[in-house]
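Encoded as C-alpha cells, the structure appears first; notes follow it.
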Amino acid sequence: MMLLKVTLKILLNKFIILLLLFSFTISANEYQENINSVQKLFYEWHPEETKELLTKIEKVDDTNVSYLFLKARYYYLIGDYQKSNELINYIKLNHDEKTYSQVKDTIEIMENAYKEIFQYVEFKSKDGKYVVKTPKGKDEILGEYALDVLEKSYKTHTTDLDYKDDSIIRLEILPDVETLDKLSGLTLKEIQTSGTIALCDDNKLMITSPKSLIKGYEWLDTISHELVHMVISKKTRNRTPIWIHEGIAKFQESRWKLKPGLVLDKYSENILATAHQKKHYISFEAMSPSLAKLPSQEDASLAYAQVATLMDWAYSKWGYEIINKLLDNLTKYNNDKKAVLQTFGFDINKLLEEWKKHVSQKGYKTYQGLINKPILFKTAESQEDYKFAEVDLFKNRDMKKWIRLGNMLYEVNRYKAAQTEYEKAIKYKKNEYPYLENKLASLYLINKEYQKAVNILTPTLLMFTNYIDTYMNLGEAYFNLKDYNNAKLMYETAIEINPFLKDIYIRLIDIYDNLKMPLLKTRAENCSNKL
Amino acid sequence: MKTIEKKINKIKLYLIFGMIGYFLFKYLAVLGIFSLLGLFFTNFSISFKLSYVISVSILSLMFIVKELIVFIKKARYRYFYLNYLENQIPELSSSLTTLFDPFLKNNKNISEEFLNEIKNNTQKVLNNYKIWQLKPIFSTKKFIVFFLTVGFSFLLLLFPFNNKLMLFFSEPLININQNIKQIDVYNFAVKIIPPKYLGKKEENLNNFDGFLKVYNGSEIKLSGILKENANKCFFIFNDKEYPCQISKSKFKVDFKIISTGIYKIRFTNKFNTFETQNFSIDIIPDELPSIKVIFPEKDLILNFNDTLEITAQASDDILIDKVFFKYQVNSDAQSVELTYPKTQSIEIKHTLMLNEFERGDVINYYFEIYDNDEVLGPKVATSQTLKVEIISPMKIHESFLEQLELIVINLTMELANHLEIDLNKTLGEILAEKKVYNDKILKQLILIENLLKIENPLLSEGSKLSLKKTVENLKFQIEKDEMLTLKISEALIKSLEETLIYLVDILDREKLELINELYEELKEQKNKLKELVNQYKTNPSDEKKQAILKEIAKIKEKIAKIMEKLSKLSGDIENQFLNEEASKMKEMGKNIDSLEDLLNEGKLDEMLSQLDKLEEELNEMLENVSDKKEGLMSERDKQADMAYNQMMNDLQDMIFDESQLYKETQKLSKKILSEFEKKLDSNSDFYKKNLDLLQSAYNDLFNMNNSYLDDYDLELFAGLKEDLNMAVNSFKAKDILSTLEILKSTLNKYYMLNTTYNQVIKWGHVKLRAKAATDLKQSNASETKVKTVIDELEKLLKEASKKLDENDKKKMDELAQLQNEIRKKLDKVKKQLEKPELQITQEDKDKFDNIDFDMSQASEQLTGKNPKQAQTNEEKVINSLKEFSEQKQKERNSQKQQGENSKGTQQKNVKIPNDDFKGPKELREDIMKAMKKLSPKGYDDVVKSYFENIIK
C-alpha cells in the first residue's frame, strides 16, 4: 500500500511536471509567435498595431531581451525616444551583449536618435497629427514651413493614393548628412555618392537641413517626396518594390503645390533622352534596395526619370485609379510582376515597352553640354571649393576664360568691363546652368537695368528650376520693378531651395506689406529675426 | 698831597680802564678782520665758515688773555712803582703827576720854581726809573710784535684749510686718547704692490698721510718708527686684530687689501699706554668690461647666400681676457671663442656665413667678454642680443606671390580701363588715354621683371621663363599698339587678357605649392601632437598638457593659414547666396576647438581619432582643390603641348620641304655651274679682265686722303676696302654668286661715301674741298669698275641660265611655286606663334620675318631662273629653320625638365624626332589632318594616346 502510495505520488508528481512542461511549451510557442508578429508589424510600418501584442508578451515574460528590445523599438517607432532609451539602458545593464548582438546596429541608431533629437525644437499641428522637429537655432525657421507642407502633402497624397490612418506623421530635420548617417542605415559614402539628403525610415521622415548644402536644395519638395514613400509603405504594408516607390514619389512630390502630372526638369529630361537614345537604362533590379545606393548621382537621376515618367504615363492614361490598383495588388500579391500583370493586364516587359513608346512619343530632348548644378555637401567639399565647382564645370575653355576675367573685373568693381567680358563668354554658352546669366543679371541690377535682368534670367527658369541665384536675382529685379506678385513668387520659391538667405525675408516683409498680407509678413519678420 | 694822591688814583683809574678799552678794541678789530677774511673762503660750507670764525674768536681771545696777563704784570710793576713814589718822594708826586698828566701842563697856577723843582725831582725819578728799566707800556715795537703775533696766529688759522690737516679734525680718523701719553710715529712709509694681473707698478709712499687708494688685492707693506718704544702692535680691521711685527720703535705690517674701510694699527708701550693710528683705504674697483655691437645696429633679414660681418667694440679698465660669440638657432645654442690680443680695448669682428645655416633659420646672437680679474674672478659682460633671419624660401615665395597678386589686380584695372574707353571721344583723346594706360601696364611689367630678379628657390624655372616671355610679349603688344592709331586696342586687350589669365593660373599653381608645404608641416605637427598625447596618456602631467595645448594652438594657426590661402585661390567671385554654415572651414574650426575640450575631458583616444579625421578632411579638401587647379593647369599645359607639337611638326615639314626644294634647285644649279666653269677658266679673257677690274677698283681705294672723314665714314671706307678684297678672293675662288653678292653690297657704301665727299666739296673748308674732290674722283673710278664687273657677272648668269632648257625652266617655275607654298606654311606657323601657350618672343617673330624674306628671295630667283642664287637663299632658309627649331626644342626641354624637377609633375615631353627618324611626310600630314578632325564622343583620350604613340 505504502509502495502504491509512493508510486502514485511519484506518478502524480511526474504528471504535474509533464503538464507543466506541456503548458510551458504551448506558451513558449505563442510567445515567439507574438514576437514575430510584432516584428512583422514593425516591418509593415504599423507599429501602433503592436500595442496589444506587446502587452501579451509582457505578461508572460517582461525580462526577456527580445521583448525588451521590441518594446524599446516600439517606443522608438512611435517617437518616444526617451522611453526607448530607458529600455535600451535596462537591456545593456541586465543582459549580456551577446544576447542582443544581432540588433546592436539598430540599438545604436535608436540611441543616436535619442541623443540627437532629444534637444530639438518641436513644431506640432493643431490637431497634433503632424510633428516637425528641428535643431535649435537657425533651423527653427524651417519648422513652420515644413509643418505646412507636411500637412498639405499628407492630405493630397492620402487622397490621391486612397489611404488614411490616425498615426502621427513625424518629420525630423537633421543638421547635416553626418547626422543622417548616424540616424539611418546608410553609410556616409552612400549618402554622398548618391546625393541622398532625405530618408523615409523607421516610421518617420528625415531630411537634412538645406543649411548643410552650399546652395540649399528643394527641401520642401523633398519632404513631400518622402511622405509619399511613407503613405505607400503604410498602404501596401511595405510590399512595394523600390522602382514603384520612387516612381510614385517622384511623380507625386510636387502635388502639394501643383496639379497632378509630372514636370520633368531639363536635366532629368536630358539624361532620360540620352539614355533612351543609347537604350541604356537602369534596371528595376539595380534600383533595389535603394536608389541612394546607385553608384552615381547621374545614375540616380536617370532611375528617377525612368520611374517617374512611367508613373506619369500610367497616370496620364488611367489616372490615380491605376496607381492605387497597382498598390492594392502589391499589397495583395507582394510581388511586383504579379501586381503589374494584374493591374495592367500585361507583364512587366510589356509595361516597359509601352513606357519606352511613351518616352519616344513625348519626344524628350537632349541638351548638348547641359550641366546641372551639383549637390555639394560640406563633408566633401568646401565653400572655397565650390568656387571652382561652379566655374570649372563648364567645359568650354574660352567661355571659362572670359568668365574668369569677368569675375576678376567684378571683384575690383569694374562692372562695365566685367560686363564686356561676360558678354564675350555668353557667346559660347549652351546648356550649362545659368551661372553666367546670373552674373550678368547681377551687373544689370547694379546698373539698375532691372528689365534686362528679367529678360536674361526668365528663359533659364524653364531649364534650371533649382538654381537659387536665379530666383534671388529675379526677385530683386521684380521687386525694383514694383512687380510684387512676381517678386513674391520668386522669393517664396527661393525659400523652397535655400531658406537661410536673410535677403529673402527682408524683401518679403516689404512685398507682403505691399500686398497686404500681414500674417505672412509676421512670419517673414520672425524668420528674418532668427537669421 | 691829597690832591696828588687823588690824581695818582685818578691816573690809576685811567690806566686800568684805558688798557681795558684798548685791548677790547684790539680784540674786536682782529676778530672782525679774521671774520671778514674767513668770508672770502666762499668754496667752503657755511658750517665750516662758522667753525672758522669761532676758532678765530677763541684764538683771538686766548691771545688777548695772554696780552692781558702781560699787561697786568707790567701794570703791577707800574703800580708798585707809583706806590714807591708816593711813599719815597711824596713831594714829587705832584710833579710826577704833572709829568704823567698832560692835563696839568697848562695849569697857570703852578710856579716856575715849582716846575723847576719838579724837573729836578723828575730827573731823579727818571734816573731811578732808568735803574728800574721800566719800559713804556706802549711802543711801536710792541705794536709791530703784536701784529706779527696776530699774523702768525692768522697763518696758523689757515692750517685748517689744508686738506690733509682738515681730516684730522674729524673723528675717528685720529682717535687719540688724550688721557694717555702720546706715542708718536715717525717716518710712516707705505709700499703698495698691486696684483700682478693688473700689470701695474709698485708704489712707495714715504709721507703716508693716512689715506690710500689702491687696487683690490693689492699688497700693502706699512712700516714706521715710533717716537717711543712700543711692546705690542696690532693691525685691526673689521674689529679683528692681527699681530704685526714690532721691534722696539720699529714696526712693520703686511696685509692684502680686499675691501674699502678704516684700517687701524694699535701700539702699546710698557705702561700699557696705547695709541691707535687710523688710516683709510679706498679700493680702486676693477670696473666691469663693456661691449656693444656696432654693426648691425638692429635685427636683420638676409638672404641665404649673404655674409654678415658683425662688428663690436669691447673695452675694460684693465684688459679683456676672453671673447666669445654666442648664438642660438632654434633651440640649439652654440659658443665660439674668438682670439684677440689681451688689451683694454678691442674691435671685434666676426663673420657669419649664412649658407652654413638653413633657410628660414632665425639666429639670435651676442658677444660675451670676460676681464682678467684674478681677485674676485673674471667679470663678464654681454652685448645686446640681435637677430638675423635667413629668409625662408616660403617667405620669399609668399612675398613674391603677394606682389604678383597686386600686379594682377593692377593689370586687371588697366584691362578695365582699356575696355571702358569711351569710343565717342576724339581719336587724339583716345590715343592719349591709351598711352596713359599703357604706361601703367608697362610699369607693372617692369615690376614683374624686378620680381623675377629676386632669388626665389620655390619659383620653378618653368614659371620664371613663362613669366619672362609673357612680359616680353605684352611689352611688344604695347609697343605695337602705340604705333597704331586705332580706337580699340584689340590685340593689346587680347594679349592683356591672356596674360592675366596666365598670371592668375601661375599664381594659383604657386599658391598650391605653398599650401602643400604648409600641409606637410601640419602633418608633422599632427604627428608631434599624437606623440605628446600618447606620452600624456601613459604619464599625465600639467606640463605635458600645456605642451599639448600649445601644439593644438599651432595646428589651429596652421589650418587657419591653409584655409586663408585656399580662399585666396582665384575662382569665382564671392557668392552671396551661399550658406556659410556649409563652409568646411567653419566646421574644421569647430573640430579643432573640440580637441581642447576632449583633452580637458580626458577623452584622449577620441581626441586622437578626431585629429586623424581632421587630417583626412583637410587632405581631402586639398586634393579636391589641387586636382581641379592642376586640371586647369594641365589643360593649359596640354594646350601648350599641342601648340608646341603642331609648331614643331610644321617646322620639320618646312625644313623637309625646303630641303627637297634645295636639292631640286641644286640640280639645276649644276647645269649653270658647268657654264661658269668654262667662262671662269683662269686663262680666259673674261676671268682676266674682270679680275683686273676688281683689283684695280680695290687699288683705287688706296692713296686716298680721307683725313677729313669722321669715324663713321672711315669705318665705312674700311668696310668697303674689305669687301672689295673679299670680292677679289671670292672671284679668284670662282664663286660667282658670292662675288656678285659682295659687290652689290659695296654699291651702297660707295653711295654713302660719295655723298660725304660731295658734302665736303660743297660745304667743307676751302682746303678740304680740293682733297675731297680728288677722293671723289678716285671713288667714282673704283665704283665704275665694280659696276662693270657686276654687269659682266650678271650677264654671265643670264647667259648661263639660257643654257637651261624648257623643262628646266618649267621645273624652276614649279619650284618657285613650291617655295611659295612653303611660304604660306610659314605664314600659317607665324600666325600660330600668336598663341599665348607658345610664349614666342618678338625675337622669334623677327627670325620668322627674316626666313620669310629669304624665302621670297629664293622664290624670286627661281622665277628669274637663277637657280644658283635661289639655292643660296634656300640654304639660308633651311639653316634658319633648323636653328629656330633646335632652339625651341632646347627651350622646351629645359622648361619641362625644370618644371618636373621643381614639381615632380608627371607630364612628359613628346619629343619631335629629327629628319633621320621622321616618318614619311605624307604619313605625318595624314596624322595632322586626322588630328584636326573631331574625335567621336568619349574616344578623345583613346585617340589622343593613339596619336601620341604614333608621334613617339
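Here the protein sequences line up with chains A and B, keeping their order.
If you use the numbering used here, the first sequence corresponds to residues 1 to 531, in order.
If you use the numbering used here, the second sequence corresponds to residues 532 to 1483, in order.
Think of the CB as a built atom: it goes at the ideal place given N, C-alpha and C, for glycine as much as any other residue.
Exercise for review: Along the beta strand (DSSP E) that carries GLN859 (chain B), what are the first and last residues, could you check?
Suggested key: In the DSSP assignment, GLN859 (chain B) falls within the unbroken beta strand (DSSP E) covering 851-860.
Point to revise | Buried or exposed by the 16-neighbour rule on C-beta atoms within 10 Å, applied to ARG170 (chain A) | key: With at least 16 other beta carbons inside 10 angstroms of its own, ARG170 (chain A) counts as buried.
Point to revise | Length of the line joining the Cα atoms of ASN526 (chain A) and LEU519 (chain A) | key: LEU519 (chain A) has its alpha-carbon roughly 11 Å from the corresponding atom of ASN526 (chain A).
Exercise for review: Out of A:ASN407, A:ALA273, A:SER167, A:TYR315, state which residue places its alpha-carbon closest to the alpha-carbon of PHE344 (chain A).
Suggested key: When only C-alpha atoms are compared, the closest one is A:TYR315.
Exercise for review: Show which residues of chain A have a CB atom less than 8 Å away from the CB atom of VAL967 (chain B).
Suggested key: Those within 8 Å of VAL967 (chain B) in chain A number zero; the least Cβ separation is about 16 Å.
Practice item. Compare the C-beta of ILE535 (chain A) with all C-beta atoms of chain B and state if any pair is closer than 8 Å. Key: A query on residue 535 (chain A) cannot be resolved here, the shown segment of chain A reaching from 1 to 531 and no further.
Review point. If we count Cβ pairs, one from each stretch, closer than 8 Å, do we get three or more for the segment 770-786 of chain B versus the segment 750-759 of chain B?
Key: Under the three-pair Cβ rule at 8 Å, the segment 770-786 of chain B counts as touching the segment 750-759 of chain B.
Check your understanding: In terms of alpha-carbon separation, which member of A:THR236, A:GLU108, A:GLU421, A:LEU351 lies closest to LYS317 (chain A)?
Key -> Taking only the C-alpha atoms, the option nearest LYS317 (chain A) is A:LEU351.
Review point. Out of B:ILE1267, B:GLN1309, B:ALA1264, B:GLU1272, which has the shortest C-alpha to C-alpha gap to LEU1284 (chain B)?
Key: Measuring from the Cα of LEU1284 (chain B), the nearest candidate turns out to be B:GLN1309.
Practice item. Kindly indicate if chain A contains any beta-carbon less than 8 Å away from that of LEU1045 (chain B). Key: Not closer than 8 Å to any Cβ of chain A, the Cβ of LEU1045 (chain B) fails to qualify, so no.
Check your understanding: For VAL1297 (chain B), which three-state DSSP category applies?
Key -> In the displayed model, VAL1297 (chain B) falls within a helix according to three-state DSSP.
Exercise for review: Could you list which residues in chain A have their beta carbon closer than 8 Å to that of MET944 (chain B), in chain order?
Suggested key: Correct list: VAL412, ARG414.
Review point. Does any CB atom of chain A fall closer than 8 Å to the CB of GLU1154 (chain B)?
Key: Contacts with chain A at 8 Å (Cβ-Cβ) do not include GLU1154 (chain B).
Practice item. Pick helix, strand or coil for ILE985 (chain B), following the three-state DSSP scheme. Key: DSSP places ILE985 (chain B) in coil when its eight states are reduced to three.
**Study point:** Close-in-space but distant-in-sequence residues of the same chain around LYS1442 (chain B) (CB under 6 Å, 5 per side omitted)
**Key:** With a pLDDT of only 38 at LYS1442 (chain B), under the threshold of 50, the placement of this residue in the model should not be trusted; the figure read from the coordinates follows. There are no such residues.
Check your understanding: Would you report the Cα separation of LEU1043 (chain B) and TYR1175 (chain B), rounded to the nearest angstrom?
Key -> Those two C-alpha atoms are separated by around 26 Å.
Review point. Along chain B, which residues have their Cβ under 9 Å away from the Cβ of ASN36 (chain A)?
Key: The premise fails here: ASN36 (chain A) is roughly 40 Å from chain B at the closest Cβ pair, so nothing lies under 9 Å.
Check your understanding: Which partner residues does VAL509 (chain B) have in the DSSP bridge list?
Key -> Residue numbering for chain B in the displayed model covers 532 to 1483; residue 509 (chain B) lies beyond these limits and cannot be assessed.
**Study point:** Minimum Cβ-Cβ distance from ILE141 (chain A) to chain B less than 8 Å
**Key:** ILE141 (chain A) does not count as touching chain B.
Exercise for review: Pull out every residue of the segment 491-505 of chain A whose Cβ sits closer than 7 Å to any Cβ of chain B, in chain order.
Suggested key: Hits within the stretch, in order: ASN498, PHE500, LEU501.
Check your understanding: Excluding sequence positions up to five away, which residues of its chain have a Cβ less than 8 Å from the Cβ of ILE348 (chain A)?
Key -> Hits under 8 Å: PHE284, ASP336, LYS337, VAL340, LEU341.
Check your understanding: Hey, is ALA720 (chain B) close to the ligand NAP, as in C-beta under 7 Å from one of its heavy atoms?
Key -> As for the ligand NAP, it is missing from this structure, which has no ligand bound.
Point to revise | Where PHE239 (chain A) sits in the DSSP three-state scheme | key: Phe is not the amino acid found at residue 239 (chain A); the sequence shown has Arg there. Here ARG239 (chain A) sits in coil by DSSP.
Point to revise | VAL906 (chain B) versus ILE724 (chain B): straight-line alpha-carbon distance, rounded | key: Our two residues, VAL906 (chain B) and ILE724 (chain B), have alpha carbons roughly 14 Å apart in a direct line.
Review point. Between which two residues does the beta strand (DSSP E) harbouring ASP785 (chain B) extend?
Key: That run of the beta strand (DSSP E) goes 781-787.
Review point. Rounded to the nearest angstrom, how far is the Cβ of ILE91 (chain A) from that of TYR100 (chain A), given a contact under 8 Å?
Key: Separation of the CB atoms of ILE91 (chain A) and TYR100 (chain A) is rounded to 6 Å, and the pair is thereby assigned contact status at 8 Å.
Exercise for review: Determine the DSSP secondary structure at SER846 (chain B), reduced to helix, strand or coil.
Suggested key: DSSP places SER846 (chain B) in strand when its eight states are reduced to three.
Check your understanding: Considering only residues of the same chain and omitting the five flanking positions on each side of GLN119 (chain A), which have a CB-CB separation below 8 Å?
Key -> Excluding five sequence positions before and after GLN119 (chain A), the CB atoms of its chain that fall closer than 8 Å to its own CB belong to PRO135, LYS136, given in chain order.
Practice item. Find out if the Cβ-Cβ distance for the pair MET327 (chain A), THR236 (chain A) is shorter than 8 Å. Key: Per the sequence shown, residue 327 (chain A) should be read as Leu rather than Met. Going by C-beta atoms, LEU327 (chain A) is nearer than 8 Å to THR236 (chain A).
Practice item. Return the chain-ordered ranges of every beta strand (DSSP E) run that is complete within the segment 901-976 of chain B and spans a minimum of 3 residues. Key: You should have 911-913, 917-921.
Exercise for review: Mind checking which residues open and close the beta strand (DSSP E) that includes TYR773 (chain B)?
Suggested key: TYR773 (chain B) -> beta strand (DSSP E) spans 771-774.
Point to revise | Buried or exposed by the 16-neighbour rule on C-beta atoms within 10 Å, applied to SER846 (chain B) | key: Per the 10 Å Cβ criterion, buried.
Point to revise | Within chain A, the residues that ILE1032 (chain B) reaches when beta carbons sit closer than 7 Å | key: Those are LYS401, ARG404, LEU405, listed as they occur along chain A.
**Study point:** Alpha carbon of GLU1127 (chain B) to alpha carbon of LEU1080 (chain B), nearest angstrom
**Key:** CA-CA distance, GLU1127 (chain B) to LEU1080 (chain B), rounds to 7 Å.
Review point. Among A:TYR364, A:GLU269, A:VAL307, which one has its Cα closest to the Cα of ALA286 (chain A)?
Key: Measuring from the Cα of ALA286 (chain A), the nearest candidate turns out to be A:VAL307.
Review point. Short check: CB of LEU1274 (chain B) to CB of LEU1346 (chain B), under 8 Å?
Key: When the beta-carbon positions are compared, LEU1274 (chain B) and LEU1346 (chain B) stay at least 8 Å from each other.
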